[in-house]
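Here's the structure we're looking at; comments come further down.
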Amino acid sequence: KLVHVTSNQPVLVKIQGKMMNLITIVITIAITISTLLAIISFWLPQMTPDHEKLSPYECGFDPLGSARLPFSMRFFLIAILFLLFDLEIALLLPLPWGDQLPSPLLTFSWAFTVLAILTLGLIYEWIQGGLDWAE
């Protein structure tokens, strides 16, 4: 068999070889820096904070109470749900332009399916009482 070799093939092989060398060098540098920083962090002296460093600073006055307030788990749950829905909307907005499905109806049905799953999750959270702020 005769194989037709174009003039671009040796150039392409050289470019691929250079890219592999570049990737290898970047990975080697990243691993070296990470290892070096990990080793240096063990050699540095350990800080042991005393009572004054652990107490909150209130403009020179003695602190009246703890600076760490209790955190509401309800707020945390609602914040996580907001982030999930916000992320899903941000991913669904460019869908008609970025999707390469053959028909717009298929794109619409895919987006509707994702929104239906999200709505079912929201209904489940609502029924379970996860969205009730006050008990």
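Residue numbering for the sequence shown follows our numbering, beginning at 3 and increasing consecutively. A virtual CB, placed ideally from N, CA and C, is assigned to each residue, including glycine.
- Query: Would Ala-113 pass as a contact of Leu-94 if the rule is Cβ separation under 8 Å?
  - Reply: As a working mapping, residue 113 is identified with position 111 in the sequence shown. As a working mapping, residue 94 is identified with position 92 in the sequence shown. Going by beta carbons, Ala-113 and Leu-94 fall inside the 8 Å limit.
- Proximity of Thr-109 and Pro-96 at Cβ, strictly below 8 Å: In the sequence shown, counting from the first residue as 1, residue 109 sits at position 107. In the sequence shown, counting from the first residue as 1, residue 96 sits at position 94. No, they are not a contact pair.
- What distance in whole Å lies between the Cβ atoms of Glu-127 and Leu-83, which are believed to be in contact at a cut-off of 8 Å? Taking the first residue of the sequence shown as position 1, residue 83 is located at position 81. Taking the first residue of the sequence shown as position 1, residue 127 is located at position 125. Right, their Cβ atoms sit about 7 Å apart.
- Indicate the three-state DSSP secondary structure (helix, strand or coil) for Pro-106 in the structure shown. Stepping through the sequence shown from its first residue, residue 106 is reached at position 104. Under the three-state reduction of DSSP, Pro-106 is assigned to helix.
- Just the Cα atoms here: how many angstroms apart are Gly-132 and Leu-56? Locating residue 132 in the sequence shown gives position 130, where the first residue counts as 1. Locating residue 56 in the sequence shown gives position 54, where the first residue counts as 1. The straight-line gap from Cα to Cα measures roughly 35 Å.
- Message: I need the boundaries of the alpha helix (DSSP H) containing Leu-97, first residue and last residue.
- Response: As a first step, residue 97 must be located in the sequence shown, where it is residue number 95. Taken as a continuous stretch (DSSP letters only), the alpha helix (DSSP H) holding Leu-97 covers 97-100.
- Query: With respect to the alpha helix (DSSP H) encompassing Met-75, which residues constitute its N-terminal and C-terminal limits?
  - Reply: To locate residue 75, count along the sequence shown from 1; it is residue 73. Going by DSSP, Met-75 is part of the alpha helix (DSSP H) stretching over 75-94.
- Query: Alpha carbon to alpha carbon, what distance is there between Pro-47 and His-53?
  - Reply: Counting from 1 along the sequence shown, the entry for residue 53 is found at position 51. Counting from 1 along the sequence shown, the entry for residue 47 is found at position 45. Whole-angstrom Cα-Cα distance: 19 Å.
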